[in-house]
Each structure stands twice: as structure tokens, then as C-alpha cells.
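Position 64 of the sequence shown, counted from 1, bears residue number 58 in the numbering used here, the numbering being contiguous throughout. All C-beta atoms in this analysis are idealised placements derived from N, C-alpha and C, irrespective of residue type, glycine included. As C-alpha cells, the structure follows; a few thoughts come after it.
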Amino acid sequence: MSEKQQATIDKAKSSISIFLFNFSIPESVLAQEINSEVVLLNMDSESYYSLNAVGSRMWQMLTQSGDLEGTIKQLLRVFL
């Protein structure tokens, strides 16, 4: 991991406690990959969201591992 990537992680850890939170995807949220992007549909609110390349990759990684810190580190390696 580069110095810049590590500094970004360290800054996030010191300023935000997001690494302490657990997350879960509600059953009412459906996801579908379309043309290399992920589209999310919230059945409760009838809202949909289209994720760009970074958001799509993050969604895929989080749904596979559930590890927020590890996901962020991997995204930094790829996109920073």
C-alpha cells in the first residue's frame, strides 16, 4: 500500500468511526448488474440507484466479504 493510500485510511479512521459500524442490506433492496454497473432498487421506497464503476465494485466487494475496512483498502489500491 502506498504512503498516500495509507494516509487516506488513517485519516478516515481518525475522523470517522465508520469502521465500528456493522451494515446489512435490507431484504427490500434488490441489485442487478447491467453493463458493468450495479443498479439498486429499493422496493419499499420504489427508488432506484445506478452505481458507477467505483460504487459497483464497492457493492460487489461488500456483499461478498462484509469487511468495510478491507474493501476500502482494496478500492484505494485499484482507484487511487
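Taking CB distances under 9 Å as the criterion, tell me whether residue i reaches chain D.
i	result
residue 31	Looking at the structure shown, chain D is missing, and only one protein chain is on hand.
Please state whether DSSP places residue i in a helix, a strand or coil.
i	result
residue 44	strand
residue 31	strand
residue 24	strand
Take residue i as the anchor and find which of the options has the nearest alpha-carbon.
i	options	result
residue 57	39, 46, 19	19
residue 35	21, 73, 69, 54	21
residue 24	5, 65, 74, 53	53
Note down, in chain order, each residue of its chain lying with its Cβ closer than 7 Å to the Cβ of residue i, except the 5 sequence neighbours on either side.
i	result
residue 71	-5, -1
Report all residues from its chain with a CB closer than 8 Å to the CB of residue i; omit the five preceding and five following residues, and keep chain order.
i	result
residue 46	31
Taking 9 Å as the threshold (C-beta atoms), are residue j and residue i in contact?
i	j	result
residue 50	residue 27	yes
residue 41	residue 33	no
residue 17	residue 48	no
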